[in-house]
Amino acid sequence: MEHTITVTTVQRTKAASNHHIQPSTQDKIGSPVVSQASRDYSPPPSNIPETPIPLCKLELQSLPVNVRTIANPAPLGLCAFALTSFLSNCVALNVGGMKVAGVSMSLALSYGGIAQVLAGMWEMAAGNTFGATTFCSFGAYWISFSLISTFDDTDFTRSTVDPLCQNELLMGLFMLGWCIFTTLMLLCTLKSNLAMFSLYFFMDMNYLLLGIAHIQCNSHGEIPVALERTGGIFGILAASSAWYNAFAAISDINNSFLIVPVGHFPWSTAAHLRRVKAKEV
Numbered sequence: 030m031e032h033t034i035t036v037t038t039v040q041r042t043k044a045a046s047n048h049h050i051q052p053s054t055q056d057k058i059g060s061p062v063v064s065q066a067s068r069d070y071s072p073p074p075s076n077i078p079e080t081p082i083p084l085c086k087l088e089l090q091s092l093p094v095n096v097r098t099i100a101n102p103a104p105l106g107l108c109a110f111a112l113t114s115f116l117s118n119c120v121a122l123n124v125g126g127m128k129v130a131g132v133s134m135s136l137a138l139s140y141g142g143i144a145q146v147l148a149g150m151w152e153m154a155a156g157n158t159f160g161a162t163t164f165c166s167f168g169a170y171w172i173s174f175s176l177i178s179t180f181d182d183t184d185f186t187r188s189t190v191d192p193l194c195q196n197e198l199l200m201g202l203f204m205l206g207w208c209i210f211t212t213l214m215l216l217c218t219l220k221s222n223l224a225m226f227s228l229y230f231f232m233d234m235n236y237l238l239l240g241i242a243h244i245q246c247n248s249h250g251e252i253p254v255a256l257e258r259t260g261g262i263f264g265i266l267a268a269s270s271a272w273y274n275a276f277a278a279i280s281d282i283n284n285s286f287l288i289v290p291v292g293h294f295p296w297s298t299a300a301h302l303r304r305v306k307a308k309e310v
């Protein structure tokens, strides 16, 4: 009886030593495996042979995933807005005595309009909702502005008592509508940086003052010069701020010796990450 128990124990010991846990297909391609200290609760192996996975499928599973990268479209949209806003507000400031320039209108349609819409589409592909909304919207603004300025002499308001003032009133409401939109976008920059906040603040004041100026026209179709020029000054500041933000987004240590600051707010996410890294060092 003792001899039988001993033989049975030896046989069980040999069977346990010969039984190895076969790595699964996932283990072969680099997935985490079960710890050696844990027990094996898998069912005993059956006599049915497992279907081997083709080598080509294993190679495809182990191939690295290529992430598609896209260039930053924000500098293009910012530069397009800056140049178009600069020329348009030079007209508002009556620089050189010009009222409407064909160069300004064609630039508003092509560069300020179409280029900004394209930048907004690329921002949408990059997953930036804010950039897609602002660039597409302001691109549409410049397209509509160029069309309004081009077809301003039509007979749409000739039947009114004061057609000149009626046109200015419509333009004023148009500007105030964009002032409301810009205010909403301004509120979305409160956690970004000072450079971006300044851009939308100057734009907001530009639309507000120009809208009020166009609404307060007289019977001769003239608008208050002081308000128009003050709005034009804010427009020039907005254009300068847009160029500044564009340069800050383009320049880095690989292409420029001049790296301009954007002034992150103390409560912004970027400033918080910098403080965390400083504490780790």
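Counted the way the working numbering counts, the sequence shown spans residues 30 to 310. Just so you know, even glycine gets a beta-carbon here, dropped at the ideal spot from N, CA and C.
Straight-line CA distance for residue i to residue j?
i    : j    : result
R303 : P295 : 10 Å
A277 : I288 : 7 Å
N235 : A161 : 22 Å
L2   : A300 : An answer regarding residue 2 cannot be provided, because it is not within the stretch 30 to 310 covered by the chain.
I143 : C246 : 31 Å
I172 : T298 : 35 Å
C194 : S248 : 6 Å
A307 : N284 : 27 Å
L215 : D281 : 26 Å
F15  : S178 : Examination of residue 15 is not possible in this model, given that the chain is present from 30 through 310 alone.
Determine the burial state of residue i: buried for a count of at least 16 other Cβ atoms within 10 Å of its Cβ, exposed for fewer.
i    : result
P104 : buried
S135 : exposed
G201 : buried
D233 : buried
S133 : buried
V314 : Past the edges of the chain, shown from 30 to 310, lies residue 314, and the structure says nothing about it.
I252 : buried
A242 : buried
T211 : buried
G149 : buried
T259 : buried
F174 : buried
Could you give the first and the last residue of the continuous alpha helix (DSSP H) run that contains residue i?
i    : result
Y140 : Segment: none, Y140 is in no alpha helix (DSSP H) and carries neither H nor E.
Q145 : Q145 to A155
P253 : No alpha helix (DSSP H) holds P253; DSSP gives it neither H nor E.
S221 : Unbroken run through S221: none, as it is neither H nor E.
L302 : T298 to E309
I177 : T158 to T179
G106 : A103 to A121
Beta-carbon separation of residue i and residue j under 8 Å?
i    : j    : result
G264 : A121 : yes
L205 : G261 : no
T113 : G141 : yes
L237 : C208 : yes
A268 : N123 : no
I244 : L198 : yes
G266 : F231 : Note that residue 266 corresponds to Leu in the displayed sequence, not to Gly. Closer than 8 Å, so yes.
F159 : C217 : yes
Can you find the residues in the same chain that come closer than 8 Å, C-beta to C-beta, to residue i, ignoring five residues on each side of it along the sequence?
i    : result
I99  : W151, A154 and A155
L219 : F226 and F294
L138 : W171, I172, S175 and L176
By Cβ distance, which residues of its chain are closer than 6 Å to residue i, with the 5 residues on each side in sequence left out?
i    : result
A275 : P104, L107 and C108
V254 : none
If I measure Cβ to Cβ from residue i and keep anything under 7 Å in the same chain, skipping five residues before and after, which residues do I get?
i    : result
N101 : A278
F110 : G141, Q145, F167 and A271
N157 : none
At a Cβ threshold of 8 Å, is residue i touching chain C?
i    : result
W296 : The structure shown contains no chain C; it is built from a single protein chain.
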